[in-house]
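Peer 1:
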Amino acid sequence: MDYNTTEESIMQEKRQIQPDLTRLKAIFFGAIVGLFAGAVVSVFRLLIEHMLILVQGIYGWLGQHPWWLIPWAILLAAIAFLIGHWVKQTPMIKGSGIPQVEGQLAGELDYAWWPVLWKKFISGVLGIGSGLFLGREGPSIQLGGTVAQGLAYRLGFTGTQRRLVIAGGAAAGLSAAFNAPIASTLFILEEVYHSFSTLVWLTALTSAVVANFVSNGVFGLTPVLHINYQQALPLKYYWLLLVLGIGLGLLGFGYQWVTLRVGKWYAKLTWLPRHLDGVVPFLLVIPIGLMWPLALGGGNQMIVTFAKQTPLLIPLIGYFILRFCFSTVSYGAGLPGGIFLPILTLGALLGAIGARSFVLLGWLPSIFVANFIIYAMAGYFAGISKAPFTAILLITEMVGTLHHLMPLAVVAIVAYITVDVLGGAPIYEAMLRQLVKPAEANADGVADRVEYPIGENSGFDSQQVRDLTWPDGSLLVAVRRGEREVIPNGDTILKSGDTLIIFTYRHNRAYVRQQLAKLNNSPHRLLD
14 MDYNTTEESI MQEKRQIQPD LTRLKAIFFG AIVGLFAGAV VSVFRLLIEH MLILVQGIYG
74 WLGQHPWWLI PWAILLAAIA FLIGHWVKQT PMIKGSGIPQ VEGQLAGELD YAWWPVLWKK
134 FISGVLGIGS GLFLGREGPS IQLGGTVAQG LAYRLGFTGT QRRLVIAGGA AAGLSAAFNA
194 PIASTLFILE EVYHSFSTLV WLTALTSAVV ANFVSNGVFG LTPVLHINYQ QALPLKYYWL
254 LLVLGIGLGL LGFGYQWVTL RVGKWYAKLT WLPRHLDGVV PFLLVIPIGL MWPLALGGGN
314 QMIVTFAKQT PLLIPLIGYF ILRFCFSTVS YGAGLPGGIF LPILTLGALL GAIGARSFVL
374 LGWLPSIFVA NFIIYAMAGY FAGISKAPFT AILLITEMVG TLHHLMPLAV VAIVAYITVD
434 VLGGAPIYEA MLRQLVKPAE ANADGVADRV EYPIGENSGF DSQQVRDLTW PDGSLLVAVR
494 RGEREVIPNG DTILKSGDTL IIFTYRHNRA YVRQQLAKLN NSPHRLLD
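For the numbering used here, count along the sequence shown from 1 and bump the result up by 13.
1. May I have the straight-line CA-CA distance separating Q528 from Y465, to the nearest angstrom?
2. Which residues share a DSSP beta bridge with T198?
3. Return helix, strand or coil for N521, following the three-state DSSP convention.
4. Any chance the region 337 to 357 sits against the region 380 to 387, with 3 or more Cβ pairs inside 8 Å?
5. I'd like to know whether the C-beta atoms of F191 and L489 end up nearer to each other than 8 Å.
6. Take A196 as the anchor and find which of A86, E115, L261 and A395 has the nearest alpha-carbon.
7. I'd like the span of the alpha helix (DSSP H) that includes L415, first residue to last.
8. So, with DSSP's three-state summary, where would you put I106?
9. Going along the chain, which residues of its own chain have a beta-carbon closer than 7 Å to the beta-carbon of A161, five neighbours each way excluded?
10. Since G392 sits in a beta bridge, which residues does DSSP pair it with?
11. I need the boundaries of the beta strand (DSSP E) containing S487, first residue and last residue.
12. Out of L218, I397 and L282, point me to the one whose CA is closest to L263's CA.
13. How many Å lie between G260 and V237 at the Cα?
14. Please give me, in chain order, every unbroken run of the alpha helix (DSSP H) with length at least 4 that falls completely inside the region 435 to 470.
15. For R494, which option in S210, P112, E62 and T171 has the closest C-alpha, if you only look at C-alpha atoms?
16. What are the uninterrupted segments assigned as alpha helix (DSSP H) that are 4 or more residues long and contained completely in the region 293 to 349, given in chain order?
17. Among the residues of its own chain, which have a CB less than 8 Å from the CB of T505, if the five just before and after it don't count?
18. Please work out which residues of its chain come closer than 6 Å, Cβ to Cβ, to Y279, disregarding the five sequence neighbours upstream and downstream, and give them in chain order.
19. Leaving out five residues before and five after N533 in sequence, what residues of the same chain have Cβ atoms less than 8 Å from its Cβ?
20. Counting C-beta neighbours from all protein chains within 10 Å, is the total for R167 16 or more, i.e. buried, or is it exposed?
21. If we call anything under 8 Å between Cβ atoms a contact, is L296 one with G302?
22. By Cβ distance, which residues of its chain are closer than 8 Å to G276, with the 5 residues on each side in sequence left out?
23. Here's a check: name, in chain order, each residue in its chain whose Cβ is nearer than 6 Å to the Cβ of R28, leaving out the five neighbours to either side.
24. Cβ atoms of Q69 and P328: under 8 Å apart, would you say?
25. Between which two residues does the alpha helix (DSSP H) harbouring E115 extend?
26. Look up G516 in the DSSP assignment and give the residues it is bridged to.
27. Is H537 buried or exposed, if buried means 16 or more other CB atoms sit within 10 Å of its CB?
28. Can you grab the Cα-Cα spacing for the pair A189 / V54, in whole Å?
29. Helix, strand or coil for G148 per DSSP?
30. Just to check my reading of the structure: T403 and E204 have Cβ atoms closer than 8 Å, yes? What is that Cβ distance to the nearest angstrom?
31. Mind checking whether T103 and P79 have CB atoms under 8 Å apart?
32. Is there contact between the region 319 to 333 and the region 82 to 92, where contact requires at least three CB pairs shorter than 8 Å?
33. In this structure, how does DSSP classify R175 when only helix, strand and coil are distinguished?
34. Mind reading off the beta-carbon distance from L421 to Y388? Whole number of angstroms is fine, and I expect it under 8 Å.
35. Got a sec? Which residues, its chain only, sit under 6 Å from S136 by beta carbon, not counting five neighbours each side?
36. Can you pull the DSSP bridge partners for R369?
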């Protein structure tokens, strides 16, 4: 008997007997991340809500004491200068924060976690709480991801393990902001991480559920956008959903176009340093607060109020124009705040406008106005973000009922297709492209991996591995196909639905991803 062979067989049997604790560890660390991220984001959300109520009361008082408007304007300008100073020091706190997390997970950028955490937290509370038309959800995602980044640093996590907890923290942040754990998980998988592997969704879902538990302990079980409506929409009115979806898609494409260009328009204000662009919306919000205090903030209060008692058509159009213009002005200034909730608010207003129009034309009974407000929120978000599954689940969880899944799906699909036909890109991916510069090959750092999914009509589809020119410093080690992994060789034919698993240097991940994206977006063409 060969002693060495026998010993090797025994070791293999022991390895087979030992349980695989990888998934259990993902759940454990996901729960830890969800606990901390949920606590931070819940406090963030609570402070914004209380500050917004205070500011609305101040504007009511200022209406009776107009001589105090000058000190108030000076105070807001001082806040804008403070936030601008922090933005100049730490540019990663600008804007929504979702592109930053997406870029971090893709290896295209990185940042120190502590300065971003406290500066984003305080500046987000000051900006959104002052009444600017900014959302708390994008910052909540970045805050959750940054909390997870800090925990990963303390625990010594690197590479894939670090990215897993950051994805979990991002899902936890959105879950705590919206009380929507399922939609939050799907948003991170669909729009941010672009990966549906088991460990990713298991970590993200666990974090989101734990964060939702923490948030429910602070805010209660009532859905964020709890809207009562009298009955489900009968099938004979479904053709109106097609009209609504097309309109949402057209206006959603317009929102994308304006939002992605408003930063360039601010750059034309040469008399104002770029990091102080926030002075403009901080001063413009004063007349809005005096005349329309209900419109202040991200808009969830307006959505719930208008669903209960919907204004007439002309005031609705006026509110939509106001929110469309000032939300882009607020976001384009580079202040820490998102577009997530403002998009839902615009969608709700468009749903109310469409329903009121249909009622005036005699096509729809007035009892279904609240229904259309719900449907349009999902459709507008689905078109702009190009994440229809997230939109459907998000509105379902936020409203708190399953009775409208079918009409939500119809509106979301039609709006998505409309934006797609017009050439609109997912808004957060487009923002990331503006943020990230082209990377160069960098053979530095320890070994790491890149997972890249192959979509339909991809340049990888139906190509042999040997026919593709792979990025410098990269090695294709496996192809995940369903539940199994294929060890590739030169004759392996890649298919849509596959996930490429590529080894490279840690600091080369951004270059590899960008080069893969070139091929993915250029069907049947080799990399240059």
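Yeah, the Cβ is synthetic: ideal placement off N, Cα and C, and Gly gets one too. Values in this document were obtained by computation on a predicted structure and should not be read as measured data.
Peer 2: Quick look at the numbers:
1. To locate residue 528, count along the sequence shown from 1; it is residue 515. To locate residue 465, count along the sequence shown from 1; it is residue 452. Roughly 11 Å between the two C-alpha positions.
2. For the purposes of this step, residue 198 is taken as residue 185 along the sequence shown, with counting starting at 1. According to DSSP, which records beta bridges pairwise, T198 is partnered with nothing at all.
3. Counting from 1 along the sequence shown, the entry for residue 521 is found at position 508. The answer is helix: DSSP assigns N521 an H, G or I state.
4. no
5. By 1-based counting over the sequence shown, the position of residue 191 is 178. By 1-based counting over the sequence shown, the position of residue 489 is 476. The answer is no: Cβ separation not under 8 Å.
6. Walking along the sequence shown from the start, residue 196 turns up at place 183. Cα-wise, what sits closest to A196 is A395.
7. Here residue 415 refers to the residue found at position 402 when the sequence shown is read from its first residue. Here L415 belongs to no alpha helix (DSSP H), and DSSP marks it neither H nor E.
8. Position 93 of the sequence shown, counting from 1, holds the residue named residue 106. I106: helix per DSSP, three-state reduction.
9. Translated into positions along the sequence shown, residue 161 becomes position 148. So the qualifying residues of the chain are V46, A50, V178, I179, G181 and G182.
10. What you label residue 392 is simply residue 379 of the sequence shown in a count that begins at 1. In the DSSP secondary-structure assignment, G392 is not bridged to any residue.
11. The residue you call residue 487 lines up with position 474 of the sequence shown. It spans S487 to R494 - the beta strand (DSSP E) in which S487 sits, taken as one unbroken run.
12. Taking the sequence shown and counting its residues from 1, one reaches residue 263 at position 250. Of the listed residues, the one whose Cα sits closest to L263 is I397.
13. For this step, residue 260 is matched to residue 247 along the sequence shown. For this step, residue 237 is matched to residue 224 along the sequence shown. Computed Cα separation, rounded: 26 Å.
14. 440 to 448
15. Walking along the sequence shown from the start, residue 494 turns up at place 481. Among S210, P112, E62 and T171, the Cα nearest to that of R494 is on S210.
16. 313 to 321 and 326 to 345
17. If you number the sequence shown from 1, residue 505 lands on position 492. For T505, where only same-chain residues beyond five positions count, the Cβ hits under 8 Å are Q477, V478, V492 and V499.
18. As a position in the sequence shown, residue 279 is number 266, starting the count at 1. Taken in chain order, the residues that qualify are D290 and G345.
19. If you number the sequence shown from 1, residue 533 lands on position 520. Closer than 8 Å at Cβ, skipping near neighbours: Y465, I467, G468, S471, G472 and F473.
20. As a position in the sequence shown, residue 167 is number 154, starting the count at 1. With fewer than 16 Cβ atoms within 10 Å of its Cβ, R167 is classed as exposed.
21. Translated into positions along the sequence shown, residue 296 becomes position 283. Translated into positions along the sequence shown, residue 302 becomes position 289. For L296 and G302, no; Cβs fall outside 8 Å.
22. As a first step, residue 276 is located in the sequence shown; it is residue number 263 there, counting from the start. Closer than 8 Å at the Cβ level, and outside the excluded window around G276, lie G345, G347 and Q447.
23. Against the sequence shown, residue 28 aligns to sequence position 15. Low local confidence applies: a pLDDT of 49 at R28 is under 50, so the model's placement there is unreliable, and no value is given.
24. Working through the sequence shown from its first residue, we reach residue 328 at position 315. Working through the sequence shown from its first residue, we reach residue 69 at position 56. Going by C-beta atoms, P328 is not nearer than 8 Å to Q69.
25. To locate residue 115, count along the sequence shown from 1; it is residue 102. That run of the alpha helix (DSSP H) goes I111 to A119.
26. Locating residue 516 in the sequence shown gives position 503, where the first residue counts as 1. First, the amino acid is wrong: residue 516 is Phe here, not Gly. Per DSSP, R462 and L488.
27. Position 524 of the sequence shown, counting from 1, holds the residue named residue 537. Residue confidence is low: H537 scores 46 on pLDDT, short of 50, so the model does not pin down where it sits. No coordinate-derived value is stated.
28. Stepping through the sequence shown from its first residue, residue 189 is reached at position 176. Stepping through the sequence shown from its first residue, residue 54 is reached at position 41. Taking the straight line joining both Cα atoms gives about 6 Å.
29. What you label residue 148 is simply residue 135 of the sequence shown in a count that begins at 1. Here G148 sits in strand by DSSP.
30. By one-based count along the sequence shown, residue 403 stands at place 390. By one-based count along the sequence shown, residue 204 stands at place 191. With a Cβ gap of about 6 Å, T403 and E204 count as contacting.
31. Here residue 103 refers to the residue found at position 90 when the sequence shown is read from its first residue. Here residue 79 refers to the residue found at position 66 when the sequence shown is read from its first residue. The answer is no: Cβ separation not under 8 Å.
32. no
33. Position 162 of the sequence shown, counted from the start, is the residue given in the question as residue 175. Three-state result, R175: helix.
34. Here residue 421 refers to the residue found at position 408 of the sequence shown. Here residue 388 refers to the residue found at position 375 of the sequence shown. Sure, about 6 Å apart at Cβ, within 8 Å.
35. Within the sequence shown, numbered from 1, the residue matching residue 136 stands at position 123. Once the five neighbours on either side are set aside, the close Cβ partners of S136 are I96, W99 and P349.
36. Translated into the one-based positions of the sequence shown, residue 369 becomes position 356. Answer is none; R369 lacks a bridge partner.
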